[in-house]
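Undergrad: Per my numbering, residue 10 is the first one in the sequence shown, and the count goes up by one each step.
Every residue gets a Cβ at the ideal spot worked out from N, C-alpha and C, and that includes glycine.
This is the structure I have questions about; it appears just below.
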Amino acid sequence: MIANKTKLQPEVLEAVVIRFVGDSGDGMQLTGTQFSDTSAMFGNDIATFPNYPSEIRAPQGSLYGVSGFQVHIGSVEVSTPGDSVDLLVAMNPAALKTNLYALKPGHTLIVDTDSFSKKNLDKAEYTTNPLEDGSLDNYRVIEVDMTSLTKTALKDVEGLDNKAISRSKNMFSLGMVYWMYNRSLEHTIDFFNKKFKSKPSLIESNTKVLNAGYYFAETLELIPNSYTISPAKMESGTYRIIMGNTATAWGFLAAAEKSGLELFLGSYPITPATDILHELAKHKHFGVKAFQAEDEIAGVTSAIGAAFAGDLAITTTSGPGLALKGEAIGLAIMTELPLVIVNVQRGGPSTGLPTKTEQSDLLQAMYGRNGESPVIVIAASTPANCFNFAYEAARLALEHMTPVILLTDGYIANGSAPWKIKTVSEMPNIKNNKITEVKENWHPYDRDEKTLARNWAVPGTPGLEHRIGGLEKDAVTGNISYEPMNHETMTAIREEKIDRVKYNIPDLETEFASQGDLLVIGWGGTYGSLHSAVKQINEEGYKNIGYAHFNYINPMPKNTAAILSRFKKIVVCELNSGQFASILKIKHSQFEFLQFNKIQGLPFANNDLIQKFKELV
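Right under this line is the structure:
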């Protein structure tokens, strides 16, 4: 298999999809992240999809313990991590069995042959060895004794046991892929030097194995030459690769800076939202107060206390935690305090699919509280614009004095994409209703005539003492009131206040067609898949198909009905059983809404979407 060869000029590709898969202890997330970061540094547009088990460490070699990382890089626009895979790197039989379906026929498969033992084949429920039985004849298979070659590369490194040596084989596979796609090793070696600066043996071992994989690939006859993907043409500016949860945290940091408020996060760890807490806890130097509470209820109520005290108050969670926070969110609605609740959605119900994605919490966000309790509901749609919508959630909460639920999901929260770095001066202003001086005839429920937002008096300000709590308030004084007509008035005011937000958000826009035969509707994290599918079908000649994406759910943009009226058919695509379609049917009952739904813990596949759209037109 090994021979000397002259390196040919790299073949230029427009885009490529690569998937690294192995045991949850094989370092596939790190491997994929390093390849993604290196490609982003090179200037490629990218989209990633980490996919890992919910168990902390599933049994080694088991089918349900497979961890994977998929990355799509291109010199053209990349909106999704891709459907089919051009290169599959499988570190064991279980990884091969659960992921081979995604590899395009005729494309490349790299396997670690050392892991294809009888024991591991049995764990993966293979009756024969796929490397020997002809089942892989439709693929270009590169068999590598990866574990053995890693041990050989590290035979002279001191201070490493067999376990540490074997765990380095992910860097061997990364080195091979770096050679195949003409990537530099420099960024990853810099990463080793920073991450392991106190452990020189780990810097040496990982660097040696990375180089060994790189030069091994160079000698393989099965890889005649490397490939290259040119930098993408992107809007000028400074970019960095960013994950959705990190972008969310930074959006709140920017909002606190712009509004002149201190940022408070009261949160309880829960997959897949915990990284927002981790990120904000790093930034005490920006005045962030990050509180890891003992439970979900303490997390949200501490945030309500911070809002009462005049902070920009945030709480983060996922679906099960949002259920626990419901009563306290009602308290924030009644007291009319600014509060942002981030729900990073995952598969449910109950514990469900904690590491998989779903859009199943929309109705919970809209209606999951007792009484008439409307809140603003918005949704981010890409890893990068999690920054924008975290900032927007804070702006709306502060300007309208009400809770805002920001929906993201596991797909975009853990996925990454290039993000153009913004300055605070580029961001919209944030006004709020905070008052610091006593006004004549002041009352705590005096309202802005335009927005109906009540004023925000911080405790301890002389002359602004007032009562607050969960019991119904008098419409002016804020004192407790059980008077029937007052309750009806206050209920109507709280609802009207949310409805008036539609005058403070952008109008709905369509892509590809402004009128025609079919309008595709999506919301939240399905943007990349739906945008990509509608773009592709338009390029195939279906010019009368438009796409409208909703980031603002409650209230919807004020021109929604006008947009809907311009198309003969409307299909709503969601990763649930039709929750947004149900809301649209309530709000805009004059239109018929078709549905396309998927509830598998995975994002939409382009081919499935395109087939559905063609059927409808």
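Quick check on DSSP: helix, strand or coil for histidine 558?
TA: Three-state DSSP puts histidine 558 in a strand.
Undergrad: Kindly indicate which three-state DSSP category proline 412 falls into: helix, strand or coil?
TA: Strand, per DSSP.
Undergrad: Mapping DSSP to helix, strand and coil, what is valine 626?
TA: It is coil, neither helix nor strand.
Undergrad: By Cβ distance below 6 Å, which residues in the same chain neighbour glycine 330 in space, the five residues on each side in sequence not counted?
TA: Around glycine 330: Ile279, Glu305.
Undergrad: Here's the rule I'm using: 16 or more other beta-carbon atoms within 10 Å means buried, otherwise exposed. How should asparagine 616 be labelled?
TA: Per the 10 Å Cβ criterion, exposed.
Undergrad: Locate the beta strand (DSSP E) running through tyrosine 236, then write down its first and last residues.
TA: It spans 236-238 - the beta strand (DSSP E) in which tyrosine 236 sits, taken as one unbroken run.
Undergrad: Going by beta carbon distance, what residues of the same chain come within less than 7 Å of valine 510, once the five residues before and after it are set aside?
TA: Ile385, Leu405, His409, Pro564.
Undergrad: Please return the same chain residues whose Cβ sits closer than 6 Å to the Cβ of glycine 356, not counting the five positions on each side in sequence.
TA: The residues are Leu362, Lys365, Glu367, Gly610.
Undergrad: How close, in whole Å, do the beta carbons of methionine 252 and serine 425 come, if the pair is a contact with beta carbons under 8 Å?
TA: Indeed, because the Cβ distance is near 5 Å, the residues count as touching under 8 Å.
Undergrad: Check alanine 2 in the structure and name its three-state DSSP category.
TA: Residue 2 falls outside the range modelled here, since the chain spans only 10 to 626, and no answer is possible.
Undergrad: Report yes or no: do three or more beta-carbon pairs, one from the region 161-170 and one from the region 127-139, lie closer than 8 Å?
TA: No, the region 161-170 does not touch the region 127-139.
Undergrad: Hey, quick one: how far does the beta strand (DSSP E) through leucine 96 stretch, first residue to last?
TA: Residues 94-99.
Undergrad: Is it the case that the Cβ atoms of serine 88 and glycine 537 are separated by a distance below 8 Å?
TA: Taking 8 Å as the Cβ cut-off, serine 88 and glycine 537 qualify as a contacting pair.
Undergrad: Keeping to the same chain, check which residues put their C-beta closer than 6 Å to that of alanine 12; ignore five residues upstream and five downstream.
TA: Interpretation of alanine 12 is limited by its pLDDT of 45, a score under 50 that renders its predicted location unreliable; the figure taken from the coordinates is listed afterwards. Result list for alanine 12: Glu230, in chain order.
Undergrad: Going by C-alpha to C-alpha distance, which of Ala282, Gly469, Pro427, Trp451 sits closest to alanine 49?
TA: It is Pro427 whose Cα lies nearest to the Cα of alanine 49.
Undergrad: Quick one: measure Cβ to Cβ for leucine 140 and threonine 122, integer angstroms, because I've assumed they're closer than 8 Å.
TA: About 7 Å; that satisfies the 8 Å criterion.
Undergrad: Opposite proline 59 in the DSSP bridges: which residues?
TA: The partner list for proline 59 (beta bridge, DSSP) reads Phe78.
Undergrad: Measuring straight from C-alpha to C-alpha, what distance separates glutamate 481 and glutamate 271?
TA: Taking the straight line from one Cα to the other gives about 29 Å.
Undergrad: What does aspartate 418 pair with, by DSSP beta-bridge criteria?
TA: In the DSSP output, where bridge partners are listed per residue, aspartate 418 has Gln354.
Undergrad: So, using beta-carbon positions, are leucine 584 and asparagine 553 closer together than 8 Å?
TA: No, the Cβ-Cβ distance between leucine 584 and asparagine 553 is not below 8 Å.
Undergrad: Skipping 5 residues on each side, what residues in its chain have a beta carbon closer than 6 Å to that of histidine 81?
TA: So the qualifying residues of the chain are Val26, Ala56, Val87, Pro90, Gly91.
Undergrad: List in chain order: all unbroken alpha helix (DSSP H) runs of 4+ residues lying wholly within the region 122-205.
TA: Listed in chain order, the complete alpha helix (DSSP H) runs (minimum 4 residues) inside the region 122-205 are 127-132, 155-162, 171-175, 178-189, 195-204.
Undergrad: For alanine 399 and aspartate 46, I'd like the C-alpha separation in whole angstroms.
TA: Cα to Cα, the separation comes out at about 24 Å.
Undergrad: Short check: CB of isoleucine 530 to CB of alanine 571, under 8 Å?
TA: Result no, Cβ atoms of isoleucine 530 and alanine 571 do not sit closer than 8 Å.
Undergrad: Quick one: residues in its chain with C-beta nearer than 6 Å to the C-beta of methionine 10, no 5 flanking neighbours on either side, listed in chain order?
TA: Since pLDDT at methionine 10 reaches only 41, below the 50 mark, its modelled position is unreliable, and the value read off the structure follows with that caveat. Contacts found: none.
Undergrad: Would serine 76 pass as a contact of glutamine 38 if the rule is Cβ separation under 8 Å?
TA: Contact: yes.
Undergrad: Going by beta-carbon coordinates alone, are valine 413 and isoleucine 430 separated by less than 8 Å?
TA: Going by C-beta atoms, valine 413 is not nearer than 8 Å to isoleucine 430.
Undergrad: Helix, strand or coil: which one does DSSP assign to phenylalanine 613?
TA: Of the three classes helix, strand and coil, the one that applies to phenylalanine 613 here is coil, per DSSP.
Undergrad: Beta-carbon separation of glycine 555 and serine 591 under 8 Å?
TA: Their beta carbons are not under 8 Å apart, which means glycine 555 does not touch serine 591 by this criterion.
Undergrad: Between the region 450-462 and the region 274-293, are three or more C-beta pairs nearer than 8 Å?
TA: In short, these stretches do not touch, since the Cβ pair count stays below three.
Undergrad: Does isoleucine 11 come out as helix, strand or coil in the three-state DSSP assignment?
TA: Low local confidence applies: a pLDDT of 42 at isoleucine 11 is under 50, so the model's placement there is unreliable, with the coordinate-based value given in what follows. Isoleucine 11 falls in the strand class under three-state DSSP.
Undergrad: What does leucine 272 pair with, by DSSP beta-bridge criteria?
TA: Looking at the DSSP assignment, leucine 272 forms a beta bridge with Leu321.
Undergrad: Counting pairs of beta carbons, one from the region 257-269 and one from the region 217-230, are three or more of them closer than 8 Å?
TA: No: fewer than three Cβ pairs fall under 8 Å.
Undergrad: What whole-angstrom Cβ distance do valine 351 and threonine 417 have, given they're in contact under 8 Å?
TA: With 8 Å as the limit, valine 351 and threonine 417 qualify as a contact, their Cβ atoms being about 7 Å apart.
Undergrad: Less than 8 Å between C-beta atoms, sequence neighbours within five positions excluded: which residues of the same chain meet that for lysine 596?
TA: The answer, listed in chain order, is Met565, Thr569.
Undergrad: Terminal residues of the continuous beta strand (DSSP E) containing aspartate 526?
TA: Note, aspartate 526: beta strand (DSSP E), 525-532.
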